[in-house]
Amino acid sequence: MKNFEFKNPTKIIFGKDTIAKLTEEIPSDAKVLVLYGGGSIKKNGIYDQVKTALKDVEHVEFGGIPANPEYSVLLKALEVIKAENITYLLAVGGGSVIDGTKFLSAAALYDGENPWEILTGGKPTLKGMPFGTVLTLPATGSEMNSGAVITNKETKEKLAMGGAGLFPEFSILDPQVITSIPRRQLVNGITDAFTHVLEQYMTYPAGALLQDRFAEGIMQTLLEVAPSVLKDPSDYDAASNFMWSCTMALNGLIQKGVPTDWAVHAIGHELTALYGIDHARTLAIIAPSHYQYNFETKKEKLAQYAERIWNVTEGTLEDKAYEAIEKTETFFNQMGIETKLSKYTEDYEGTAETISQRFTERGWLGLGEHQSLKPEDAENIVRMAY
Numbered sequence: 012m013k014n015f016e017f018k019n020p021t022k023i024i025f026g027k028d029t030i031a032k033l034t035e036e037i038p039s040d041a042k043v044l045v046l047y048g049g050g051s052i053k054k055n056g057i058y059d060q061v062k063t064a065l066k067d068v069e070h071v072e073f074g075g076i077p078a079n080p081e082y083s084v085l086l087k088a089l090e091v092i093k094a095e096n097i098t099y100l101l102a103v104g105g106g107s108v109i110d111g112t113k114f115l116s117a118a119a120l121y122d123g124e125n126p127w128e129i130l131t132g133g134k135p136t137l138k139g140m141p142f143g144t145v146l147t148l149p150a151t152g153s154e155m156n157s158g159a160v161i162t163n164k165e166t167k168e169k170l171a172m173g174g175a176g177l178f179p180e181f182s183i184l185d186p187q188v189i190t191s192i193p194r195r196q197l198v199n200g201i202t203d204a205f206t207h208v209l210e211q212y213m214t215y216p217a218g219a220l221l222q223d224r225f226a227e228g229i230m231q232t233l234l235e236v237a238p239s240v241l242k243d244p245s246d247y248d249a250a251s252n253f254m255w256s257c258t259m260a261l262n263g264l265i266q267k268g269v270p271t272d273w274a275v276h277a278i279g280h281e282l283t284a285l286y287g288i289d290h291a292r293t294l295a296i297i298a299p300s301h302y303q304y305n306f307e308t309k310k311e312k313l314a315q316y317a318e319r320i321w322n323v324t325e326g327t328l329e330d331k332a333y334e335a336i337e338k339t340e341t342f343f344n345q346m347g348i349e350t351k352l353s354k355y356t357e358d359y360e361g362t363a364e365t366i367s368q369r370f371t372e373r374g375w376l377g378l379g380e381h382q383s384l385k386p387e388d389a390e391n392i393v394r395m396a397y
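When the letters of the sequence shown are read in order and numbered with my numbering, they come out as residues 12 to 397.
Quick look at the structure:
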């Protein structure tokens with residue numbers, strides 16, 4: 012097991028009717044900017060719960076943050092922060108709203124002229140404006156980590172940022188919120204969380220036995236509750252386990268002491284930036300090809316995954332590893348996710364070369380757990396996913 016340090020300062024408030032506890036967490040003298048997405052929270056009752064909880068707290072609102080939080084929209088929110096002398100941010104939404112809020116947390120205290128440099132500069136944000144979250148869509152785990160990904164439609168880029176200053180101070184997780192979530196988004200959430208675990212697990216054995224079991228437990232739980240969540244989102248037990256699994260998949264715990272990959276995400280982000288494909292679906296497109304392309308370096312963990320997650324007990328190590336890839340792709344397909352790029356766009360030809368060129372220009376010359384995947388390797392992986 013590798014050396015590691017672990018600190019996660021986010022307070023989790025989990026369970027039924029916990030949105031009412033907002034006022035216990037936000038400073039009484041704060042001026043709050045409430046951030047949300049397309050307005051679904053006004054239809055499912057979450058908005059009313061938040062407004063009731065904040066009735067004695069000075070606050071203003073900013074809605075309209077899109078899926079894949081868009082830089083130009085966030086700049087408008089930044090103007091509100093400065094004009095209204097905001098001191099505290101509250102994200103009411105899923106990963107996109109929370110990621111956008113993290114960018115605003117950093118940008119509010121940024122002393123440069125161009126906030127996009129927060130994403131291109133590669134420097135971690137060590138101090139941001141304080142914020143909390145009310146999670147409305149389990150998927151990304153952004154409610155309990157310090158990372159974010161922001162999209163720039165003008166340049167067709169999707170870049171990551173983060174730092175110790177961008178952990179939410181608190182996050183409210185009420186599993187009842189998933190009752191009104193459309194099936195497509197539930198499928199995306201299951202896929203996103205499952206692939207988050209794979210990125211931290213599907214590398215090579217590192218002697219981190221407990222970490223492997225943590226990761227496997229999250230994947231097993233997602234597989235177990237997925238049918239119930241998709242059939243009846245009002246099933247509170249299934250919803251609870253789904254929501255907590257998504258949070259645990261990316262709160263930093265399971266990646267400690269082990270190598271991690273993240274090449275699937277790096278490539279997948281480009282597909283979203285280029286074609287607007289749902290984030291989770293880009294991961295399902297790239298993951299099978301990535302594992303096939305890097306089979307020799309991943310086959311031991313693939314075989315372990317086959318045995319422990321998919322109950323594959325017969326065959327050679329290689330046989331088990333190949334079957335693991337097949338079963339993972341079948342799992343995505345059975346939920347209704349296509350795993351080939353050509354199913355999402357007719358303009359897929361040339362995508363591999365474009366992504367390779369972008370990685371080269373950014374200096375991303377070594378991705379993956381061995382930092383050995385070159386831009387030309389990413390090109391081959393994308394071409395395999397056509």
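Here a beta-carbon is modelled for each residue, glycine too, at the ideal position from N, C-alpha and C.
- In the DSSP assignment, F114 falls outside any beta strand (DSSP E) and within the unbroken alpha helix (DSSP H) covering G106 to A118.
- Between the stretch 220-238 and the stretch 298-309, the count of C-beta pairs closer than 8 angstroms stays below three; the two stretches do not touch.
- Relative to the Cα of I392, the nearest Cα in the group T365, A94, E90 and E372 belongs to T365.
- In the structure shown, N163 adopts extended strand secondary structure according to DSSP, grouped into three states.
- Separation of the CB atoms of A117 and L46 is rounded to 14 angstroms, and the pair is thereby denied contact status at 8 angstroms.
- In this structure the stretch 337-355 does not touch the stretch 377-389; the number of beta carbon pairs closer than 8 angstroms is below three.
- Approximately 7 angstroms separates the beta-carbon atoms of I183 and L146; this is inside 8 angstroms, confirming the contact.
- Per the coordinates, the alpha-carbon of L86 lies some 51 angstroms from the alpha-carbon of L328.
- A88 places its beta carbon less than 7 angstroms from that of L115.
- Of the candidates V108, G104, F73 and G106, the residue whose Cα lies closest to the Cα of I97 is F73.
- Here I24 has K32, E36, F181, S182, I183 and L184 as same chain residues with Cβ atoms under 8 angstroms from its own Cβ, once five neighbours each way along the sequence are excluded.
- Each residue's CA atom was taken as its position, placing K312 and A175 some 30 angstroms apart.
- Remark: C-beta atoms of I189 and P244 approach each other more closely than 7 angstroms.
- In this structure, DSSP gives G173 an extended state, which the three-state scheme calls strand.
- The Cβ atoms of L120 and M172 lie no closer than 7 angstroms to each other.
- Excluding the 5 residues flanking it on each side, G143 has same chain C-beta neighbours closer than 7 angstroms at E36, I37, L101, P179, E180, F181 and S182, in chain order.
- In the three-state scheme derived from DSSP, where H, G and I count as helix and E and B as strand, V43 is classed as strand.
- When the five nearest sequence neighbours on each side are left out, the beta carbons in the same chain lying within less than 6 angstroms of the beta carbon of A277 are those of L378, in order along the chain.
- If you ignore the 5 residues before and after V240, its C-beta comes within less than 8 angstroms of the C-beta of I189, L197, I201, D246, A249, A250 and F253, all in its own chain and listed in chain order.
- In this structure G347 is exposed. Its beta-carbon is surrounded by fewer than 16 other beta-carbon atoms within 10 angstroms.
- Using a C-beta cut-off of 8 angstroms, the stretch 347-359 makes no contact with the stretch 262-271, since fewer than three inter-stretch Cβ pairs fall below that distance.
- Contact check for T162 against E281 fails: the beta carbons are separated by 7 angstroms or more.
- Of N322, Y215, Y58 and W255, the smallest CA-CA separation from T232 is found for W255.
- G26 carries a coil assignment under DSSP once its states are collapsed to helix, strand and coil.
- Between the C-alpha atoms of I30 and T63 there is a straight-line separation of about 9 angstroms.
- A distance of 7 angstroms or more separates the beta carbons of S153 and I192.
- The three-state secondary structure of I392, taken from DSSP, is helix.
- Cβ contact annotation for A219 (same chain, cutoff 7 angstroms, sequence separation greater than five): M12, G268 and V269, in chain order.
- Under the three-state reduction of DSSP output, T339 falls in the helix class.
- Membership of V84 in the alpha helix (DSSP H) is indicated by the continuous run Y82 to A94.
- Ranked by Cα distance from D330, the first of A314, N322 and N19 is A314.
- If you draw a 10 Å sphere on the C-beta of T362, you find 16 or more other C-beta atoms in it, and that means buried.
- Boundaries of the alpha helix (DSSP H) around T232: L220 to K242.
- With 16 or more other Cβ atoms from the protein chains shown falling within 10 Å of its own Cβ, Q211 counts as buried.
- Each residue's CA atom was taken as its position, placing T271 and D67 some 45 angstroms apart.
- I229 and M155 have their alpha carbons spaced roughly 16 angstroms apart.
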